[in-house]
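Down below is the structure, laid out as structure tokens.
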Amino acid sequence: MKFSALTILRQALAGNLGWPEQWRSPEPKPAYDAVIVGGGGHGLATAYYMAKEHGMRNIAVVERGWLGGGNTGRNTTIIRSNYLWEESEGLYEHALKLWEGLSQELNYNVMYSARGVMMLAHNVHDVQVFKRHVHANRLQGIDNEWLTPEQAKAFCPILNIEKGIRYPIVGAALQRRGGTARHDAVAWGYARGASALGVDIIQNCEVTGIDRDASGAVSGLRTTKGDIRTRRIGVVAAGHTSVVMAMAGVRMPLESYPLQALVSEPVKPIMPCVVMSNTIHAYMSQSDKGELVIGAGTDAYTSYSQTGGLHIASHTLDAICELFPVVRRMRMLRNWGGIVDVTPDRSPIIGNTPVPGLFVNCGWGTGGFKATPGSGHVFAHTVARGEPHPINAAFTLDRFRTGRLIDEAAAAAVAH
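Heads up: the sequence shown begins at 168 in this note's numbering, then just goes up one per residue.
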């Protein structure tokens with residue numbers, strides 16, 4: 168059913184009793200042309216573009232929990248493309264351009280809001296790094312601009328720019344096209360679109376093994392819902408990628424860390440944009456419901472826990488209260504964590520593996536949500552054709568052997 172004003176009116180007049188399920192929930196078939204492991208935004212987007220642009224309809228997405236229940240439903244929904252290196256700029260700008268028309272593409276409101284992302288500078292090092300990003304982005308035709316402290320406060324009036332605070336603000340970099348989107352709507356929109364194209368979406372189906380034939384190529388999956396034969400497997404499992412890839416005998420250069428976020432009680436609009444501070448590992452935006460969405464950096468230890476250390480959240484709130492004194496008396500409603508997979512150069516891995524028929528999309532660290540449509544689009548090309556899309560050609564697993572790294576540690580220094 169296509170969403171439109173006329174459809175909504177008709178359903179309202181009929182008592183809203185005619186709405187169908189948003190996607191099918193079939194039992195797995197014995198065999199598929201390709202299987203995507205991971206039912207988050209990236210995995211669902213991959214399946215959608217494989218079906219839509221590459222004509223592959225005999226596809227399954229297997230998810231051990233529920234759709235969007237992993238990092239897709241736990242992140243803080245920030246979107247931007249102001250990365251440093253050309254490879255990253257190409258990937259994230261490709262994603263941002265897809266974001267701008269995604270609601271129309273999916274016929275599903277993903278609530279993309281280009282409210283602007285402002286990154287604060289607190290010292291000489293920050294100024295040098297962010298100005299370098301501004302110039303690099305402009306060379307590639309990507310919007311980014313430098314602001315004085317006064318201009319930053321004009322863009323976000325509740326920002327504290329007093330010089331006597333612990334980390335005074337000496338400037339900021341602003342990407343006006345950056346913003347936010349609704350994370351669960353993104354997962355649901357891609358799931359609905361993929362299902363309509365014939366993709367089987369199988370929830371509560373955990374992968375327990377990957378089978379390989381005599382030549383070493385993948386031949387199927389073992390799951391809690393039975394064995395599935397397939398010659399192509401795309402692993403998009405975020406913080407559990409290392410676990411899944413080990414089933415095929417592939418060791419990944421990844422570390423998994425807990426990453427925390429929290430939200431406040433809802434208030435009337437006070438935060439017109441997204442504000443980030445890499446130096447003090449804190450950032451904040453405001454949701455459509457009025458909650459202040461606050462995020463921190465990763466915990467200091469590797470873990471598969473989704474809780475994290477209380478001191479990390481406390482440190483972040485200390486910084487938030489100094490940057491935005493108006494929020495000091497607000498109450499926090501809930502706190503949660505996710506599991507992020509981090510590569511040595513803080514850039515993702517998207518491509519083939521040493522195992523024929525096995526492909527991987529991982530290593531997004533703290534910034535995977537912003538790349539969701541672009542990641543799915545280029546990974547769909549990679550899995551469908553067996554070779555990387557030009558945009559993700561540099562993001563190979565092999566770069567950690569050759570040394571051709573894409574160091575985005577400065578751009579990815581805080582959870583975003």
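Note that the Cβ used here is the ideal one computed from N, Cα and C, for glycine as well.
How long is the line joining the alpha carbons of residue i and residue j, rounded to whole angstroms?
| i | j | result |
| --- | --- | --- |
| R568 | M419 | 12 angstroms |
| I245 | L490 | 19 angstroms |
| K320 | I332 | 15 angstroms |
| F170 | I487 | 40 angstroms |
| I203 | G387 | 12 angstroms |
| I303 | P433 | It should be pointed out that residue 303 corresponds to Ala in this sequence rather than to Ile. Roughly 38 angstroms between the two C-alpha positions. |
| S409 | Q178 | 46 angstroms |
| R349 | R571 | 35 angstroms |
| Q271 | A361 | 15 angstroms |
| V522 | L184 | 49 angstroms |
| A415 | K392 | 19 angstroms |
| L306 | H300 | 10 angstroms |
| E373 | G232 | 8 angstroms |
| Y275 | G356 | 6 angstroms |
| N519 | N327 | 47 angstroms |
| T397 | R552 | 15 angstroms |
| K219 | N225 | 12 angstroms |
| L287 | H261 | 25 angstroms |
| A576 | M285 | 18 angstroms |
| A201 | G530 | 22 angstroms |
| G257 | V507 | 22 angstroms |
| D380 | Y250 | 41 angstroms |
| Y199 | C440 | 44 angstroms |
| V509 | Y468 | 12 angstroms |
| N528 | E329 | 43 angstroms |
| T315 | P324 | 14 angstroms |
| T375 | E312 | 48 angstroms |
| G436 | F297 | Rather than Gly, the amino acid found at residue 436 in this sequence is Pro. So the two alpha carbons sit approximately 28 angstroms from each other. |
| G406 | Y471 | 8 angstroms |
| G308 | E253 | 11 angstroms |
| A538 | Y259 | 6 angstroms |
| L180 | P195 | 37 angstroms |
| D574 | A339 | 22 angstroms |
| E267 | S382 | 44 angstroms |
| L273 | P335 | 43 angstroms |
For the ligand ADP, I want to know if residue i counts as a neighbour, meaning its beta carbon is within less than 8 angstroms of at least one of the ligand's heavy atoms.
| i | result |
| --- | --- |
| T446 | Here there are no bound small molecules, and the ligand ADP is not part of this structure. |
If contacts are defined as beta-carbon pairs under 8 angstroms, then residue i and residue j qualify, I think. What distance do you get, rounded to the angstrom?
| i | j | result |
| --- | --- | --- |
| I517 | T549 | 7 angstroms |
| L265 | A358 | Rounded, the Cβ-Cβ distance is 17 angstroms, inconsistent with contact. |
| N238 | G505 | 5 angstroms |
| H556 | Y216 | Going by Cβ atoms, the distance from H556 to Y216 rounds to 10 angstroms, so no, they are not a contact pair. |
| E230 | G205 | 7 angstroms |
| L500 | E554 | That belief does not hold up - the Cβ atoms of L500 and E554 are roughly 47 angstroms apart, past 8 angstroms. |
| V366 | V228 | 6 angstroms |
| S514 | S255 | 6 angstroms |
| L429 | I461 | 5 angstroms |
| A547 | H221 | 6 angstroms |
| I368 | L234 | 7 angstroms |
| V385 | I400 | 5 angstroms |
| T465 | L525 | The pair is not a contact, with the Cβ atoms about 27 angstroms apart (cut-off 8 angstroms). |
| R241 | W503 | 6 angstroms |
| S431 | R498 | 7 angstroms |
| T347 | S452 | 6 angstroms |
| V277 | A172 | About 18 angstroms separates the two Cβ atoms, so there is no contact after all. |
Per DSSP, which one or two residues make a beta bridge with residue i?
| i | result |
| --- | --- |
| F526 | G401 and N519 |
| Y424 | V507 |
| D378 | G387 |
| E312 | L341 |
| V284 | Q342 and V441 |
| D367 | A227 |
| L396 | First, the residue type needs correcting, since residue 396 is Arg and not Leu in the sequence shown. Per DSSP, A198 and G387. |
| L263 | Answer is none; L263 lacks a bridge partner. |
| S431 | M499 |
Fill in: alpha helix (DSSP H) runs contained entirely in the segment 442-523, provided each spans 4 or more residues
If we require 4 residues or more, the alpha helix (DSSP H) runs fully inside the segment 442-523 come out as 477-490.
Discussion item. For a minimum of 4 consecutive residues, which ranges assigned as the alpha helix (DSSP H) are wholly contained in the segment 179-250?
Written reply: List check, alpha helix (DSSP H) in window: 208-221.
Worksheet entry | 3 or more residues per run - each beta strand (DSSP E) lying fully within the segment 321-365 | Fully enclosed beta strand (DSSP E) runs of 3 or longer: 338-342.
Practice prompt. Give a yes or no on contact between the segment 436-455 and the segment 283-300, applying the rule of three or more CB pairs nearer than 8 angstroms.
Written response: Judged by Cβ distances under 8 angstroms, the segment 436-455 makes contact with the segment 283-300, as three or more pairs qualify.
Worksheet item: Should the segment 275-285 be called in touch with the segment 339-348, which here means at least 3 C-beta pairs below 8 angstroms?
Response: Short answer: they touch.
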